[in-house]
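This report refers to the structure that appears directly beneath it.
So this is what it looks like as structure tokens:
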């Protein structure tokens, strides 16, 4: 195909092999890489066939021309990397096995045996101090910490369709504004004008979030105050206004009681 003037050339074939075929061949290589040479050659033949499809050249010269590493070299690299990872995982059982001398005779096909042989060939790998790899959280943070409680109702006030005209006028939210708390946070509140922020719904902002809203954003505190007349509108507007600012963790939606 490389001799033709149409279809995929050797560059495209190489990308196809390295992107789609080779990752499948190398899957779990550190586990089965110590297999017998005859078994490993079965996998190498796949790479050889892919390479000869791009160029009709002897295999050893072809690997140099195409820039494809022999699978044996890639296997050795992966085994060295895996051994280095084991040494940096504090709770992994393989860490002690690699650090301590073996009690019995090692099989020549074992991972530890092969890793130590490769480390002897590459002395520069021993010069590095193995630093522990930080462990990732297995349990999401929101399962361990309490999320701010959001109340969607006002104590003592039923649903709107169950209220008469007098009650609706009494609980109508006409007051909006903001107040600086002693902690340095700013609270934007919406409630009855006589109750101020002691009841209704409020948005608690820290200094960083408030500053971000004030700096040239099309959705500023003016929009928040203008739409601060209902619980759902306030919540949706505040969330939309801040979702692009990366300050979502600094926001707490609160519902104040009497």
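In this note's numbering, the protein residues as written are 103 to 360. Where a beta carbon is used, it is the ideal one built from N, C-alpha and C, also for glycine.
Beta-carbon proximity of residue i to residue j, cut-off 9 Å
i, j, result
"residue 127", "residue 145", "yes"
"residue 182", "residue 137", "no"
"residue 199", "residue 233", "no"
"residue 202", "residue 132", "no"
"residue 151", "residue 124", "no"
"residue 142", "residue 174", "yes"
"residue 227", "residue 186", "yes"
"residue 177", "residue 130", "no"
Residue i - containing alpha helix (DSSP H), residue span
i, result
"residue 193", "Taken as a continuous stretch (DSSP letters only), residue 193 belongs to no alpha helix (DSSP H), as it is neither H nor E."
"residue 112", "112-118"
"residue 261", "Note, residue 261: premise wrong, no alpha helix (DSSP H); not H, not E."
"residue 126", "124-127"
"residue 221", "213-223"
"residue 132", "131-134"
8 Å contact criterion, which residue i and residue j should meet: CB distance rounded
i, j, result
"residue 188", "residue 180", "Actually they do not touch by this definition, with Cβ atoms about 13 Å apart."
Neighbour flag for residue i against chain D, beta carbons, 9 Å
i, result
"residue 182", "Given the protein chain composition of this structure (a single chain), no chain D is represented."
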